[in-house]
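The structure appears below as structure tokens.
There are 2 protein chains.
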Amino acid sequence: MNKPLLYSYFRSSCSYRVRVALHYKNIDFEYRPIHLVKDGGEQLKDPYLKLNPKGEVPFFIDGDVGIGQSMAILLFLEDKYPQNPLVPKDPLKKAHCLQLCELINSGIQPIQNLKVLKYLVNELGQKDEIKAKWANHWITEGFIALENFMKDLSADYCIGSELSLADCFLVPQVYNANRFKVDMDRFPHINRVNENCLKLDCFQKADPANQPDAQN
Amino acid sequence: MNKPLLYSYFRSSCSYRVRVALHYKNIDFEYRPIHLVKDGGEQLKDPYLKLNPKGEVPFFIDGDVGIGQSMAILLFLEDKYPQNPLVPKDPLKKAHCLQLCELINSGIQPIQNLKVLKYLVNELGQKDEIKAKWANHWITEGFIALENFMKDLSADYCIGSELSLADCFLVPQVYNANRFKVDMDRFPHINRVNENCLKLDCFQKADPANQPDAQN
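These protein sequence lines are chains R and W, in that order. Counting in the numbering used here, the first sequence runs from 1 upward without gaps. Counting in the numbering used here, the second sequence runs from 217 upward without gaps.
Below you can see the structure in the form of structure tokens.
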């Protein structure tokens, strides 16, 4: 049986989420780097674009399943590899967990992603400072809401004291927040959970700096 | 037992997704309108902002569960109200279904949503034509990929011949595409499925024009 394949870019926060879950569940997988920046981006050219017409990473292949979209991949992993679960069994905790995931997955990351920032500069003629301000604004706005929810929901991790999918989304988004110089002092609950996660082996293995395609 | 409550705005495509599922599953619910535009938006002021600090609709309350984010709400409904299922049982179909949901949920809608368009105009000083071009661009880009996936996956509906969550996401996004004058002739698979869905009672009941807060 072939190993599952993960198409990934070291700095892609959406790929980072999936890497955390793969490592947490001890799934042996092959890492296939797709360079999102070099020569306009490998994700926008064949052969990768034939595989994933959305032209994004991550993309995950496992037997007859080939899918994009980090949330879809994460929920597939949860079904196929139930060891070390990341979705709470309790219905209320599960609902809160998925809400926090989506607050980041649809509420923050898409607005600050690479192609949107490129469009601001290349099509709307905005300067690099405006691009940076844009990313900072949307992450800050989303984190204000997230911090508010986490005040009630979080303990060591996003949802109480058990690691969940919400943590797989949180840490990569904090990584992006640091890149865009978001003032993280405003977010003590986010910081606490992020620091707790970064101590775990699965987050260290999934860290952008520790990927085979990492660059400075 | 109190009825579930849905905080919604007739034109919100994310609320529209949840309305479709509620009607398809014959769940009796109370509709609470939140006006997203009047006086800068009710979603950004108390008392609503206390309920949902993300300042968005939909928000759904059912017993002790109160959650935002349409995908989280839809997966909660699937667990609590398993009648008329919207998530395929087959793991491959389920993975494809969630991928298409997320292609819209995180890949298209967030970039063209109301607050991003407002920011382009109010903060970056862009004209209304640029705002319209921006929304059109991101919906078109996303639909090109979606059409490509649907060529292989769709029949009467997004995932073969059974209605699924992917259809709950598709129809509201086509509604937005029409508002932003996207050239829909390019997308025959999307059009076919959209037309099939619009014949169904649950989509008619969920239609923006048929909500208590509908306006011209």
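We put the beta carbon where it would ideally sit given N, CA and C, even for glycine. Here the structure is a predicted model, which means the values were calculated and not measured.
Residues that residue i contacts on chain W, provided the C-beta gap is smaller than 8 Å
i                : result
ASP64 of chain R : LEU308
ALA21 of chain R : Neighbours of ALA21 of chain R on chain W: none; closest Cβ ~14 Å, over 8 Å.
Proximal chain W residues relative to residue i, where beta-carbon distance stays under 9 Å
i                 : result
PRO33 of chain R  : The contacting residues do not exist; PRO33 of chain R stays about 21 Å from chain W at best.
LEU124 of chain R : LEU336, LEU340, GLN342, ILE346 and TRP350
Chain R residues whose Cβ lies nearer than 9 Å to that of residue i
i                 : result
SER380 of chain W : Near SER380 of chain W there are no residues of chain R at all, since even the closest Cβ is about 13 Å away, more than 9 Å.
ASN364 of chain W : PRO53 and LYS54
ALA371 of chain W : Those do not exist, as ALA371 of chain W stays about 19 Å from chain R at its closest Cβ, beyond 9 Å.
Helix, strand or coil at residue i according to DSSP, with G and I counted as helix
i                 : result
TYR9 of chain R   : coil
TYR31 of chain R  : strand
GLY196 of chain W : Residue 196 of chain W is absent from the model: chain W starts at 217 and stops at 432.
GLY142 of chain R : helix
SER154 of chain R : strand
GLY160 of chain R : strand
VAL234 of chain W : helix
GLN173 of chain R : helix
PHE365 of chain W : helix
ASN412 of chain W : helix
LYS241 of chain W : coil
MET400 of chain W : helix
LYS421 of chain W : helix
ASP213 of chain R : coil
LYS45 of chain R  : coil
ASN191 of chain R : helix
LYS219 of chain W : coil
LEU165 of chain R : helix
With 16 other Cβ atoms within 10 Å as the buried cut-off, status of residue i
i                 : result
GLY279 of chain W : exposed
ASN268 of chain W : buried
LYS310 of chain W : buried
PRO220 of chain W : buried
LEU293 of chain W : buried
VAL121 of chain R : exposed
ASP46 of chain R  : exposed
LYS54 of chain R  : buried
GLY196 of chain W : In this structure chain W extends from 217 to 432, so residue 196 of chain W is not present and cannot be described.
SER161 of chain R : exposed
MET150 of chain R : buried
PRO208 of chain R : buried
ARG233 of chain W : buried
PRO188 of chain R : exposed
PRO212 of chain R : exposed
Chain-ordered chain R contacts of residue i [CB-CB under 7 Å]
i                 : result
GLN315 of chain W : ILE67, GLY68, GLN69 and ALA72
LEU291 of chain W : LEU98
GLU318 of chain W : GLN69, MET71 and ALA72
VAL332 of chain W : ILE111
ALA311 of chain W : VAL65, ILE67, ALA72 and PHE76
Per-residue contacts from residue i into chain R (C-beta, under 8 Å)
i                 : result
GLY323 of chain W : LYS54, GLU56, GLN69 and PRO110
ALA393 of chain W : By Cβ distance, chain R contributes nothing, its closest Cβ being about 17 Å from ALA393 of chain W, past 8 Å.
Amino acids of chain W, ordered along the chain, whose beta-carbon sits closer than 7 Å to that of residue i
i                 : result
ASP219 of chain R : Because chain R in this structure spans residues 1 to 216, residue 219 of chain R falls outside the shown range and cannot be described.
ALA209 of chain R : Simply none; closest approach about 25 Å.
ALA206 of chain R : Going along chain W, no residue has its Cβ under 7 Å from ALA206 of chain R, so there is no contact; the nearest lies around 20 Å.
Test: residue i CB closer than 7 Å to a CB of chain B
i                 : result
ALA430 of chain W : Reference to chain B is not applicable here, since the protein chains of this structure are R and W.
Whole alpha helix (DSSP H) runs in the stretch 59 to 131 of chain R with 4 or more residues, listed along the chain?
Correct list: 70 to 80, 91 to 105 and 114 to 122.
For the structure I just gave you, are there three or more beta carbon pairs, one from the stretch 360 to 375 of chain W and one from the stretch 310 to 330 of chain W, closer than 8 Å?
A contact exists between the stretch 360 to 375 of chain W and the stretch 310 to 330 of chain W.
Given 8 Å, three or more beta-carbon pairs between the stretch 233 to 251 of chain W and the stretch 406 to 422 of chain W:
Below 8 Å, enough C-beta pairs join the stretch 233 to 251 of chain W and the stretch 406 to 422 of chain W to call them touching: three or more.
For the stretch 224 to 231 of chain W against the stretch 28 to 45 of chain R, are there 3 or more C-beta pairs whose distance is under 8 Å?
Contact between the stretch 224 to 231 of chain W and the stretch 28 to 45 of chain R is absent, because fewer than three Cβ pairs lie under 8 Å.
Are the stretch 241 to 251 of chain W and the stretch 298 to 313 of chain W in contact at 8 Å, needing three or more beta carbon pairs?
Contact annotation: the stretch 241 to 251 of chain W touches the stretch 298 to 313 of chain W, with at least three C-beta pairs closer than 8 Å.
Examine the Cβ distances between the stretch 389 to 404 of chain W and the stretch 333 to 353 of chain W and report whether three or more of them are shorter than 8 Å.
Yes, the stretch 389 to 404 of chain W is in contact with the stretch 333 to 353 of chain W.
Is there contact here, the stretch 366 to 375 of chain W with the stretch 405 to 416 of chain W, by at least three beta-carbon pairs under 8 Å?
Flag = yes, the stretch 366 to 375 of chain W and the stretch 405 to 416 of chain W touch.
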